[in-house]
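Visitor:
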Amino acid sequence: DPGEVMQRLLWVMEGAKLSPADIGTTAPAMRAALVTDYRAYIALYRGTIARGEASVSDGSGAIISAVRDAKQVWGITQDQLGLTAEERKLLAER
57 DPGEVMQRLL
67 WVMEGAKLSP
77 ADIGTTAPAM
87 RAALVTDYRA
97 YIALYRGTIA
107 RGEASVSDGS
117 GAIISAVRDA
127 KQVWGITQDQ
137 LGLTAEERKL
147 LAER
C-alpha cells in the first residue's frame, strides 16, 4: 500500500526526532532506509499501473511527486531511486 510506505517515512522522521537536514548529514543508515522506502513506493505504483489498478496518468503523477519530494526534502537523487528511462523522460517533460 503506497500510503503505508509514506507513513513509514513520516514515522522514521518523527520517531527519531530528526529533521530532513539531520537525515542528510548525520544519519547515513536512516538515509539509506529512506531511499529504500521511496524505491518501494515507486515500485508499488509501477505495479498498480501494470495491473490496471491505476491509470498511467495517476500512477505516473504519484511517482513524479515521490521523486520530487525525495529530492526537495531529503536530497535523494533520481539515480538513487532507480528510475526507468520512461520515468526520467516524464520528469523532464513536467
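Converting from the sequence shown to our numbering requires adding 56 to each position, the first position being numbered 1. In this text, a Cβ means the ideal position worked out from N, Cα and C, and glycines have one as well.
#1: Just checking, does the segment 85-97 make contact with the segment 106-116 on the three C-beta pairs under 8 Å criterion?
#2: Enumerate in chain order the residues of its own chain whose CB-to-CB distance from serine 116 is below 7 Å, with the five nearest sequence positions on each side excluded.
#3: Can you tell which of Ile120, Arg64, Arg95, Glu60 has its C-alpha closest to the C-alpha of glutamine 225?
#4: Just the C-alpha distance for arginine 64 and valine 129, rounded to the nearest angstrom, thanks.
#5: Kindly list the residues whose CB is nearer than 6 Å to the CB of alanine 110, restricted to its own chain and excluding five residues on each side of it in sequence; keep chain order.
#6: Apart from the five residues on each side of it in sequence, which residues of its chain come closer than 6 Å, Cβ to Cβ, to alanine 118?
Guide: The structure says:
#1: Touching, no, given that fewer than three Cβ pairs across the two stretches are closer than 8 Å.
#2: Against the sequence shown, residue 116 aligns to sequence position 60. Taken in chain order, the residues that qualify are Leu146.
#3: Given that the chain is displayed from residue 57 to residue 150, the structure contains no residue 225 and the question cannot be resolved.
#4: Sequence index remark: in the sequence shown, residue 64 carries index 8 (1-based). Sequence index remark: in the sequence shown, residue 129 carries index 73 (1-based). Taking the straight line from one Cα to the other gives about 15 Å.
#5: Residue numbering aside, residue 110 sits at position 54 when the sequence shown is read from its first letter. Cβ within range, chain order: Thr104.
#6: In the sequence shown, the residue the question calls residue 118 occupies position 62. The residues are Tyr101.
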